[in-house]
Amino acid sequence: MKPATIRTFQTVHTWTGLLAGFALFVAFYAGALTVFHDDIAAWQNPPWLAAADAKASNDALIERLLSHHPDARADFGIVLPRDSSHAAYAYWEAKDVSRFATASQVDAPSTDAAENELADFVYALHDSLGLPVIGLYLMGIVSVIYGLALLSGILIHLPQLVKDLFAMRVGRNLKRLWQDAHNAIGVISLPFHVIFAVTGALFCLFGITLAALNTVAFDGKLFDAFGKATNTTPAVTVSGTSASMLSTEALIERARAEALKSGVTTFEPDYMHFVHYGDRNAVAEVRGLSQHTLGSYGTVAMSAHDGTVLATYVGNRYSLNGISYAALFGLHFGSFGGRTVQWLYFILGLAGAFLFYSGNLLYIESRRKRRHADQPRKTLVMARATVGVCIGTCLAISGAFVATWIAVRMGVDAGVPQRAACYGIFLSACAYACLRPIAKATIELLWATAALTIAMALVDLAANASAMTHEWSPLAWRVIGVDLTGIAIGGVFALFARAATRRARTGDTNSVWAIKPTRDVSMGTERSQ
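Just so we're aligned: the sequence shown equals residues 10 to 538 in this note's numbering.
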């Protein structure tokens with residue numbers, strides 16, 4: 010390519026990266042944790058602190074639901090517990106408002122199923138920055154910009170791709186080292202970043218895209234056609250004759266047996282959908298997760314009265330629409346390959362967060378004046394924003410874990426404390442980065458993140474040690490795993506803090522990351538600011 014063309018792509022890459030970088034850092038760091046969604050849920054509610062309704066049967070929940078809300082029998086769902094410490098809860102629509110309730114909550118249902126779940130809150134940060142509606146559309150736009158940054162980046166580095174891919178030139182030139190690390194991580198993980206950019210844009214902008222196509226190209230018929238193409242629940246006519254319903258356990262076992270005939274090795278149900286419950290023609294649909302298949306979520310629809318299989322969308326019985334739709338979720342969340350793929354996605358998520366953080370550092374290093382003590386305002390602003398937003402996000406999420414842990418032990422709803430802690434700490438970190446000298450703010454926030462993350466994990470291990478000994482459960486491994494991962498992440502932040510300290514004291518004195526000495530006139534000595 011001509012030099013002018015490369016410079017154009019460099020400009021596009023820089024500005025698209027900067028525009029999307031902060032939001033993508035949050036999305037990737039929270040997304041890395043979201044890979045272990047069920048583990049975080051078990052950490053919040055371990056078996057020895059099981060929810061009050063955890064022992065209530067699914068059939069008891071249905072009975073209580075229909076006794077309090079008889080209109081729900083036309084169409085309702087049961088979200089099955091993810092483990093023995095969680096309770097199943099019902100989902101239905103009442104007066105165009107979604108309702109959620111466990112067995113003890115059916116007389117006063119909630120409008121938010123995930124209001125106190127830390128795992129779902131972390132997912133919301135990944136999905137929409139925790140901002141309802143507008144955050145989802147914002148992340149859709151960010152995903153499109155992200156795709157443009159990927160395209161321009163690969164075009165820039167294509168000529169030197171083979172020669173410089175694994176070149177890590179360690180030395181006094183820190184900018185070149187950051188550049189090499191940024192390029193290597195970006196190129197090696199490129200296929201995954203393409204997947205994340207495409208699926209992220211589709212998920213977040215799906216409603217807007219569908220509405221636009223419905224108006225422009227489908228003459229107002231797209232929504233109806235899309236519903237028919239993706240609906241997996243067989244359409245039935247109410248018979249008007251009452252009939253007994255099979256138990257949920259019997260329906261689950263029949264669905265699992267049917268699914269295993271479809272080429273999958275596992276089928277773990279997580280949701281049941283009932284239509285016209287109590288009628289002879291009632292339908293029960295069981296959704297489950299299968300490992301080692303790209304279409305990880307599948308459904309089996311049966312007669313709720315006698316268990317006759319009506320439709321199967323699992324494994325090799327997926328329709329083309331179904332496998333395409335399910336593959337998007339499997340590729341985005343890494344739900345198709347068990348623990349190995351989960352750890353791979355976790356590492357890729359953290360590497361992605363580093364990619365955007367290092368991109369900001371490269372921007373700062375490229376625009377600072379190396380022989381001037383006073384740096385341009387735009388360099389200082391970007392440095393403070395990078396420290397406040399990126400390190401502040403990590404500190405804030407650790408704070409949400411702490412607030413949730415305290416709330417659960419106090420027996421209060423964890424939703425408000427975890428959100429207040431997360432957003433409060435994040436805003437405080439941003440303010441701190443603006444008020445303190447940049448180098449000191451960086452070091453202090455990194456040490457704070459390391460200390461809080463490690464302390465939380467150690468306290469949780471100590472608090473649960475006795476319960477684990479007396480009430481051991483396989484779920485305890487998930488709790489231990491989350492704590493050990495927290496200690497490891499905290500250790501990485503401690504290493505970053507040490508490196509930042511070393512650079513601040515021994516690096517280029519004109520850098521924005523240096524602790525600059527100032528003259529104390531009254532004492533005639535120098536001290537660091």
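For every residue, glycine included, the Cβ atom is placed at its ideal position computed from N, Cα and C. Please read all numbers here as calculations on a predicted model, not as lab measurements.
Measure how close the beta-carbons of residue i and residue j come, nearest whole angstrom, since I'm counting them as under 8 Å.
| i | j | result |
| --- | --- | --- |
| I484 | P56 | Residue identity check: residue 484 is Leu in the sequence provided, not Ile. Right, the Cβ-Cβ distance comes to about 5 Å (below 8 Å), so this counts as a contact. |
| P118 | F109 | 6 Å |
| L33 | F201 | So it is not a contact: roughly 13 Å between Cβ atoms. |
| S502 | L436 | With the sequence shown as reference, residue 502 is identified as Phe, and Ser is not the correct amino acid for it. Actually they do not touch by this definition, with Cβ atoms about 20 Å apart. |
| S137 | L127 | Rounded, the Cβ-Cβ distance is 16 Å, inconsistent with contact. |
| L159 | A206 | 6 Å |
| A96 | P90 | 6 Å |
Ordered along the chain, which non-local residues of its own chain (more than five positions away) have a Cβ less than 8 Å from that of residue i?
| i | result |
| --- | --- |
| F227 | A234 |
| I452 | A506, A509, T510 and A513 |
| L303 | I332, A335, A336, G339, L340 and F345 |
| L157 | V21 and T25 |
| L539 | Outside the displayed range of the chain (10 to 538) lies residue 539, so it cannot be described from this structure. |
| N325 | S271 and G272 |
With a CB to CB cut of under 6 Å and the five nearest residues on each side skipped, what residues in its chain are close to residue i?
| i | result |
| --- | --- |
| T257 | N67 and D68 |
| A238 | N330 |
| A65 | A112 |
| H285 | V247 and A291 |
| F37 | G358, G361 and A362 |
| L461 | S407 |
| I489 | none |
| G209 | S152 |
| I496 | I463 and A466 |
| N125 | D422, A423 and G424 |
Whose C-beta lies closer than 7 Å to the C-beta of residue i among residues of the same chain, with five residues either side of it excluded?
| i | result |
| --- | --- |
| M532 | Confidence at M532 is low in this model, with a pLDDT of 39, below 50, so its placement is unreliable and no value can be given for it. |
| Y354 | V44 and G343 |
| H46 | A128 and Y132 |
| S161 | F18, V21, H22 and T25 |
| T458 | I400, C403, L404, S407 and F502 |
| D469 | W414 and D492 |
| I15 | I165 |
Which residue from the options puts its Cα closest to that of residue i?
| i | options | result |
| --- | --- | --- |
| S94 | T224, D48 and I197 | D48 |
| L389 | T208, F205, T25 and V521 | V521 |
| G297 | G307, D288, N290 and R289 | G307 |
| A29 | G490, T402 and F365 | F365 |
| D315 | S305, A293 and T321 | A293 |
| T370 | H22, W24, G86 and Q188 | For the record, residue 370 in the displayed sequence is Leu; it is not Thr. Among H22, W24, G86 and Q188, the Cα nearest to that of L370 belongs to Q188. |
| G249 | R289, G324 and S305 | R289 |
| V106 | V207, A96 and T120 | T120 |
| V392 | L444, G287 and I415 | In the sequence as displayed, the identity of residue 392 is Ala instead of Val. Ranking the options by Cα distance to A392, first place goes to L444. |
| A244 | A412, E126, F283 and A259 | F283 |
| A83 | S305, D92, Y100 and S375 | Y100 |
| Y441 | A412, T395 and A474 | T395 |
| T23 | H191, L75 and G209 | H191 |
| T317 | V350, K270 and L255 | L255 |
| V88 | M281, N519, A268 and D517 | M281 |
| L199 | Y155, S76, T349 and W414 | Y155 |
| L319 | A268, Q114 and T349 | A268 |
| F212 | I71, G347, M148 and N519 | M148 |
| W352 | N223, T494 and S76 | T494 |
| Q114 | D62, R348, G287 and I163 | D62 |
| F410 | K11, A51, I15 and F31 | A51 |
| S271 | A313, L260 and Y327 | Y327 |
| A259 | V398, V295 and T242 | V295 |
| A252 | N223, S305, V225 and A313 | A313 |
| C439 | V398, P12, G500 and A13 | V398 |
| V350 | S305, Y372, D279 and Y322 | S305 |
May I ask you to list the residues that DSSP assigns as paired with residue i?
| i | result |
| --- | --- |
| T321 | V309 |
| F283 | F85 and A293 |
| R108 | W101 |
| S251 | D288 |
| P278 | G297 |
| S119 | F109 |
Measure from the C-beta of residue i to each C-beta in chain C and report whether the shortest distance is under 8 Å.
| i | result |
| --- | --- |
| T308 | Within the model displayed, chain C is absent; a lone protein chain is all it includes. |
Tell me, please, whether the stretch 442-451 touches the stretch 406-423 by the rule of three or more beta-carbon pairs shorter than 8 Å.
Touching, no, given that fewer than three Cβ pairs across the two stretches are closer than 8 Å.
The stretch 458-469 in contact with the stretch 37-44 per 3-pair CB rule at 8 Å
No, they do not touch.
The stretch 273-285 touching the stretch 298-312, judged by at least three CB pairs closer than 8 Å
Under the Cβ criterion (8 Å, minimum of three pairs), the stretch 273-285 counts as touching the stretch 298-312.
Pairing CB atoms from the stretch 253-272 with CB atoms from the stretch 307-324, are three or more of them under 8 Å?
Touching, yes.
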